[in-house]
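Chemist: In this text, residue positions in the sequence shown follow our numbering: the first is 73, and each later residue adds one.
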Amino acid sequence: MEELHMIPSLSAAAMISTHAPQPAVSGVLVSVESLGALPLTAVSATATCAAGIARVVLRQRFENDSALPLEVTYSLPLPAEAAVSGFAFTLGERRVVGEVDRRASARSRYEHALATGHTASLVEEERDTLFTQSLGNVPPHTAIDAEITLDLRLRYLDEGRWELRLPTTVAPRYLSIAGRVPDADKIAQAVADGPLPLRLRLEADIGDTTDGHVECLSHDIVTEARGARAAVQFKAADGVPLDRDVVLRWKAATSDAAATLVCGRPVDDKAAHAKAAGSSYAAIAVTPPLGLSAPTPRDLVLLLDTSGSMHGLPIEQAKRVAFALVSTLSDADTLEMISFSSTPQRWKRGATRMDRRGKETAMAWLSGLHASGGTEMKDAILEALAPVRKDAQRQVVLVTDGLIGFEQEIVRAILEGLPKGSRVHTVGVGTSINRTLTGGAARAGSGVEVIADPFEDPERVAARILPRTSAPLVTNLRASGHGLRRVAPEKLPDVFRGAPLVFAAEFAPEGGTIVIEGDTASGKFRREVAVPKLAAGEGSANAEKLFARELVLDLEMRAAAGHSVDGELEAVGLEHQIATRLTSWIAVTEEKTVDDGGAGPFRKVRMPHELPAGTAAEAFGLRAAAPTQGAFGGMPGGAMSFATGAPPAMDAAAFAPPPAPKGAVRQFLSRALGGGGAESKKMKSAGGPPPPPAAPAPARGAPRLREQSEREKADDDDVRSLVRAPAEAKADAMFDASDAKEESLSESAASAPGQGVRFLRGTIVARVDGRIIVTLTATTTEGAVFASRRDLVWVVLANGERRRARLAVPPPARLEAGESIRLIVELDAESFGVALTQLELEDGAIVVTLDAKR
73 MEELHMIPSL SAAAMISTHA PQPAVSGVLV SVESLGALPL TAVSATATCA AGIARVVLRQ
133 RFENDSALPL EVTYSLPLPA EAAVSGFAFT LGERRVVGEV DRRASARSRY EHALATGHTA
193 SLVEEERDTL FTQSLGNVPP HTAIDAEITL DLRLRYLDEG RWELRLPTTV APRYLSIAGR
253 VPDADKIAQA VADGPLPLRL RLEADIGDTT DGHVECLSHD IVTEARGARA AVQFKAADGV
313 PLDRDVVLRW KAATSDAAAT LVCGRPVDDK AAHAKAAGSS YAAIAVTPPL GLSAPTPRDL
373 VLLLDTSGSM HGLPIEQAKR VAFALVSTLS DADTLEMISF SSTPQRWKRG ATRMDRRGKE
433 TAMAWLSGLH ASGGTEMKDA ILEALAPVRK DAQRQVVLVT DGLIGFEQEI VRAILEGLPK
493 GSRVHTVGVG TSINRTLTGG AARAGSGVEV IADPFEDPER VAARILPRTS APLVTNLRAS
553 GHGLRRVAPE KLPDVFRGAP LVFAAEFAPE GGTIVIEGDT ASGKFRREVA VPKLAAGEGS
613 ANAEKLFARE LVLDLEMRAA AGHSVDGELE AVGLEHQIAT RLTSWIAVTE EKTVDDGGAG
673 PFRKVRMPHE LPAGTAAEAF GLRAAAPTQG AFGGMPGGAM SFATGAPPAM DAAAFAPPPA
733 PKGAVRQFLS RALGGGGAES KKMKSAGGPP PPPAAPAPAR GAPRLREQSE REKADDDDVR
793 SLVRAPAEAK ADAMFDASDA KEESLSESAA SAPGQGVRFL RGTIVARVDG RIIVTLTATT
853 TEGAVFASRR DLVWVVLANG ERRRARLAVP PPARLEAGES IRLIVELDAE SFGVALTQLE
913 LEDGAIVVTL DAKR
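1) Give me the residue from 223, 159, 679 and 395 with the minimum Cα distance to residue 113.
2) Once the 5 residues before and after residue 574 are set aside, which same chain residues still bring their CB inside 6 Å of it?
3) Consult DSSP for residue 722 and reduce its assignment to one of helix, strand or coil.
4) Would you say residue 145 and residue 103 are within 7 Å of each other, going by their C-beta atoms?
5) Can you find at least 3 beta carbon pairs, one from the segment 607 to 623 and one from the segment 121 to 133, that sit closer than 8 Å?
6) On the criterion of 16 or more Cβ atoms from any shown chain inside 10 Å, does residue 190 qualify as buried, or is it exposed?
7) Within the segment 423 to 473, note down every full alpha helix (DSSP H) run reaching 4 residues or more, in order along the chain.
8) Looking at the structure shown, is residue 596 part of a helix, part of a strand, or coil, going by DSSP?
9) Using a Cβ-Cβ cut-off of 6 Å (strictly less than) and excluding sequence neighbours within five positions of residue 904, which residues of its own chain qualify?
10) Please report the straight-line C-alpha distance between residue 684 and residue 290, rounded to a whole angstrom.
11) Exposed or buried, what is residue 231 when buried is set at 16 or more other beta-carbons lying within 10 Å of its beta-carbon?
12) Decide if residue 682 is buried, meaning its Cβ has at least 16 other Cβ atoms within 10 Å, or exposed.
13) Quick check on the DSSP output: the alpha helix (DSSP H) that includes residue 397 runs from which residue to which?
14) Could you check what DSSP says for residue 590 in three-state terms: helix, strand or coil?
15) Taking C-alpha atoms, which residue in 672, 378, 869 and 226 lies nearest to residue 691?
16) Excluding the 5 residues flanking residue 294 on each side, which residues of the same chain have their C-beta closer than 7 Å to its C-beta?
17) Spatial neighbours of residue 434 within its chain, please: CB distance less than 8 Å, with the 5 preceding and 5 following residues excluded, ordered by chain position.
18) Taking just the CA atoms, how far does residue 235 sit from residue 279?
19) Can you look up residue 916 in the DSSP assignment and give me helix, strand or coil?
20) By Cβ distance below 6 Å, which residues in the same chain neighbour residue 498 in space, the five residues on each side in sequence not counted?
21) Mind reading off the beta-carbon distance from residue 259 to residue 196? Whole number of angstroms is fine, and I expect it under 8 Å.
22) Identify, in the order they occur along the chain, each residue of the same chain with its Cβ nearer than 6 Å to the Cβ of residue 548, setting aside the five sequence neighbours on each side.
23) By DSSP, does residue 741 sit in helix, in strand, or in coil?
24) By the DSSP assignment, the beta strand (DSSP E) with residue 162 in it spans what residues?
25) Let's test the definition: count the other Cβ atoms within 10 Å of the Cβ of residue 853 and tell me whether it reaches 16, buried, or not, exposed.
26) Leaving out the 5 sequence neighbours to the left and right, which residues in its chain are closer than 7 Å to residue 554 when beta-carbon positions are compared?
27) Run through DSSP, which three-state label would residue 614 get?
28) Hey, how far is the Cα of residue 541 from the Cα of residue 531?
29) Considering just the uninterrupted stretch of the alpha helix (DSSP H) at residue 646, what are its terminal residues?
30) Taking residue 300 as the reference, which of 315, 310, 281 and 316 has the closest Cα?
31) Measuring alpha carbon to alpha carbon, tell me which of 508, 600, 564 and 492 ends up nearest residue 149.
32) Could you check the C-alpha separation between residue 332 and residue 359 for me, to the nearest Å?
33) Does DSSP put residue 527 in a helix, in a strand, or in coil?
34) For residue 473 and residue 386, which I take to be in contact (beta-carbon distance under 8 Å), what is that distance rounded to the nearest angstrom?
35) With DSSP as the reference, label residue 489 as helix, strand or coil.
36) Given this structure, state the Cα-to-Cα distance separating residue 216 from residue 620, to the nearest angstrom.
Okay, structure coming up:
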C-alpha cells in the first residue's frame with residue numbers, strides 16, 4: 073500500500089478547519105422552472121480564419137417581451153488570445169457603434185444614460201477570458217441585436233494543425249476564504265439546474281487548409297470543401313447547447329505554415345486612434361530550426377488537481393493524461409507527484425526513478441485518485457517548485473480545470489518562486505477550462521499551455537508537453553532591425569521543437585526589417601523578416617489588435633510580479649481601442665428610447681449559464697452532495713447558493729423575468745456528455761469513462777430563490793437601529809417630526825400586510841456632476857409603496873450624520889415585487905465626495921441601505 077505524505081499548509085488561506093465555515097464558491101444555482109422567458113434568445117459566431125489568425129464576430133439577440141424596460145447582465149466567456157476590438161448594437165433601424173473609454177468613465181456614462189432614458193450597453197473585462205456584458209433600457213416588446221468583434225491568433229499544434237477554440241459557458245470558481253478574492257462579485261455566476269433553451273450557431277470560413285478537411289472533437293459538424301478553403305457549420309440545424317468549448321482543427325496548408333507574417337496599418341478614424349495610426353503592426357510566427365534537442369534526464373513533477381470541480385469527466389481525463397506522461401518517461405528520468413484539493417498530498421517524499429517498478433507504483437497511485445474538496449492550489453505550487461537538489465531543473469506539469477478566482481496569486485507565486493532553469497507547464501482538462509489560470513501560469517513559468525480535449529487521445533496530449541520538458545532549441549532570443557519600434561512580449565520566449573516563436577511588433581509606417589537572433593546548441597540562430605511600407609488602412613485589420621493584446625498580456629504579467637502598470641495598461645486600451653482590465657466598450661443611443669425618461673420601474677435579469685458538460689452541480693458545492701460525491705468542501709444539506717461568507721450581490725428577482733413560470737416542472741438532468749463528434753462516438757463504443765452520477769434531489773425545504781436571506785434580515789435590524797438614532801443637531805424641526813412619524817410607519821408596516829417594503833437595499837452605481845445614481849429592487853412579495861412621493865430626502869454619512877438632499881425625479885407611486893428603479897439624488901458639494909450609507913425616503917418611512925458598486 074502506498075503511503076500518503078501530507079504537506080503542511082504554507083499559506084493562511086489554506087488553513088481551513090473542517091469545522092470552520094465552508095469556503096465560498098462563485099456560483100448560485102437557479103431553478104430552470106423559475107426562469108420564465110430569458111431575454112438572450114439567439115447567439116451565433118461567424119469566424120474567418122487564415123494565415124494563423126482569426127476574426128470572430130459574435131452576434132446576440134436580446135428580446136424584452138414585458139411591459140417594462142429591461143436591463144440584462146451576462147457573463148461573456150471569450151478566448152484567452154482574443155482582443156475585443158469592436159462592439160455595436162442595433163435597435164430597430166438604428167445601429168449604435170461603441171467606443172473604448174476608461175473603465176470608470178464608461179460605467180458612469182452607462183448608468184447616466186439609463187437614468188436619463190437612453191438605451192446603452194457596456195462590455196467590461198473581469199479576467200482576460202471573462203467579460204461582463206450589460207445592456208440597459210431595452211424598450212418593452214423590443215429586440216436588440218448586439219455584435220462583438222474579436223481578433224485572435226490561432227493556436228499552432230505540434231502535429232502541424234491550426235486550432236480555433238471558442239468557449240461558451242462560465243463555470244463557478246472556488247474562492248477559498250471570504251475576502252481572498254476582492255472582486256468575487258464580478259466573477260459570480262448564476263448557474264441553471266438544467267438545460268437552457270439557448271443555442272449557438274456557427275459559420276466558419278477556413279482559408280488555409282490542405283484538403284478542406286476540418287475536424288471538431290466537441291460537436292458534429294458539416295464541412296463543405298472549396299479548394300484550399302472550407303466552410304463549416306454545426307450539423308444540428310438549430311445549433312448546439314452552450315455547455316462546452318467549440319474546438320475546430322485543420323491541417324496547415326504548407327509544411328512551413330508556422331512561419332507567417334500578417335501586417336497592417338489602421339485607419340485614423342478617431343481622435344483616440346490617431347497615435348496608433350502613426351505606425352504599422354505585424355503578427356509574426358517564426359519556425360524553429362529543424363533537429364532534435366539533446367536528450368536530457370527529466371526531473372518531472374506532476375501536480376494534479378483533485379478538487380470537487382474535477383469530479384466526473386475532468387478527473388478521469390486528468391488521470392489518462394497523467395498515465396500517458398508517466399508511460400513516456402525513461403529510466404534516467406525522475407518523477408514526483410502531488411495531488412491537491414483542500415490540502416496537497418505527496419505520492420512519495422522525494423523523486424522516484426522511473427524504471428519499471430517506479431512506473432507501476434506511480435500508475436497505481438494515480439488510479440486511486442478521486443475528486444473532492446476545495447482548490448488550495450498555491451500551497452501545491454510552492455511545494456512543487458521547491459527543488460530537491462540545488463542544480464535540479466524542475467519541469468512542473470500542472471493538470472487542472474483552473475476553476476479558481478485567485479488566479480493572480482498563483483501567477484505571482486510562480487514568478488517569485490520559479491528556480492532558474494525550471495519551468496511550469498499547464499494542461500487544461502474538462503469542457504470549460506479557466507484559461508486565465510492555465511495560460512497565465514504557463515506564461516509565468518516559461519512553459520507551455522496545452523488544452524486536452526475530453527475525447528482526444530491522451531498520448532497526443534502528452535506528445536505536446538514532452539518536447540517542452542527537454543532543453544529548448546533556441547535560447548536568449550532578441551529582436552532588432554530597421555524601422556522596428558518595439559516587440560511584444562518584450563522578452564521573447566525560448567523556442568522548443570515543434571513550436572514556433574510567436575510575437576507581435578510595431579514598425580514605422582515606412583516598413584523595415586526585423587532580425588531575430590538567438591543561441592542554439594550548435595551555434596547561432598538568425599532569421600530576417602521584411603515588413604512592407606503600408607498606407608493608412610492598408611493590410612490586415614487584425615495586426616494592430618493582436619499587437620495591443622500581446623502588450624496587455626505582457627503588462628498583466630508585470631503587474632502580477634508587483635510592478636505598477638495601470639497607467640500603461642489604460643493607455644494601450646485607449647490608444648488601440650481594445651477592452652482591458654481598465655478600459656471598456658460603451659455604446660449609447662443619441663435619443664431617448666423609453667417613455668418615462670428612465671425614471672420609471674424596470675426589470676433586471678442576470679442571464680444564467682449551463683453547467684459545463686460532464687459535470688454536476690454538487691461537484692461545485694451548489695447542491696448537497698451525496699457521501700460518495702465530491703464538492704467544494706461540502707455544502708450544507710440542500711444548499712443551492714454560496715457556500716459561505718458574503719455572496720456576491722445577486723438579487724433573487726434578477727433571476728425571474730416575466731412572464732411567470734408556466735408548464736410542467738423540468739427535471740434536473742445528468743450533465744453527462746452527449747452528441748459529441750466522431751471521436752466522442754468512438755470513446756463511447758470503446759467503453760470510455762462513465763458519466764457522472766445523476767444529481768440527487770434537493771433536501772426537503774431547500775431554499776430556491778430566497779425572498780429574504782438571514783443576512784438581509786440582520787441588515788434590516790441594523791438599519792432600524794440606525795434610523796431610530798437621534799437626529800443631528802443641525803437637522804430642522806420638520807425632520808424631528810418626520811422621525812417620529814417614521815416610528816409609527818415602520819411599526820404599522822411590520823404588522824399590516826400590503827403596506828410595502830420599508831427597508832430596501834440599494835447600490836450607488838455612479839457619481840456624475842454632483843449627483844449619485846442609486847438602483848434599488850423590491851425583492852419581497854409586497855413590493856414598495858411611495859405614498860407621498862416627496863423629492864426631499866435624507867442621506868446618511870458613514871459617521872452617522874444626516875444631510876438633506878433632493879431627488880431629480882420623485883419615485884413612482886408603487887414598485888411591484890421584482891421591479892427596480894433608479895433614483896438620481898442631487899447632493900450639495902460637501903456630500904458628493906463622501907461615503908454614504910443610507911438614503912431615507914418618504915419622511916423616513918422607507919430606508920435604503922447603500923452599497924457602492926465597484
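Yeah, the Cβ is synthetic: ideal placement off N, Cα and C, and Gly gets one too.
Modeler: Result, derived from the coordinates:
1) 679
2) 357
3) Low confidence applies to residue 722: its pLDDT is 42, below 50, so where it sits in the model is not reliable enough to give any reading.
4) It is not a contact, given that the beta carbons lie outside the stated cut-off.
5) yes
6) buried
7) The DSSP assignment places 428 to 439 and 449 to 457 as complete runs of the alpha helix (DSSP H) inside the segment 423 to 473, in order along the chain (cut-off: 4 residues).
8) strand
9) The beta carbon of residue 904 sits closer than 6 Å to those of 842, all from its chain and outside the five residues before and after it, given in chain order.
10) 12 Å
11) exposed
12) buried
13) 385 to 400
14) strand
15) By alpha-carbon distance to residue 691, the top candidate from 672, 378, 869 and 226 is 378.
16) 305 and 307
17) Around residue 434: 398, 407, 409, 419, 424 and 426.
18) 13 Å
19) Looking at residue 916 - three-state DSSP - the assignment turns out to be helix.
20) 470, 510, 513, 514 and 521
21) Going by Cβ atoms, the distance from residue 259 to residue 196 rounds to 12 Å, so no, they are not a contact pair.
22) 590 and 591
23) With a pLDDT of only 26 at residue 741, under the threshold of 50, the placement of this residue in the model should not be trusted; the figure read from the coordinates follows. Three-state result, residue 741: coil.
24) 155 to 163 is the span of the beta strand (DSSP E), which, as asked, contains residue 162.
25) exposed
26) 584 and 585
27) helix
28) 15 Å
29) 638 to 648
30) Nearest in C-alpha terms to residue 300, of all of 315, 310, 281 and 316, is 281.
31) 508
32) 9 Å
33) coil
34) 5 Å
35) Looking at residue 489 - three-state DSSP - the assignment turns out to be helix.
36) 30 Å
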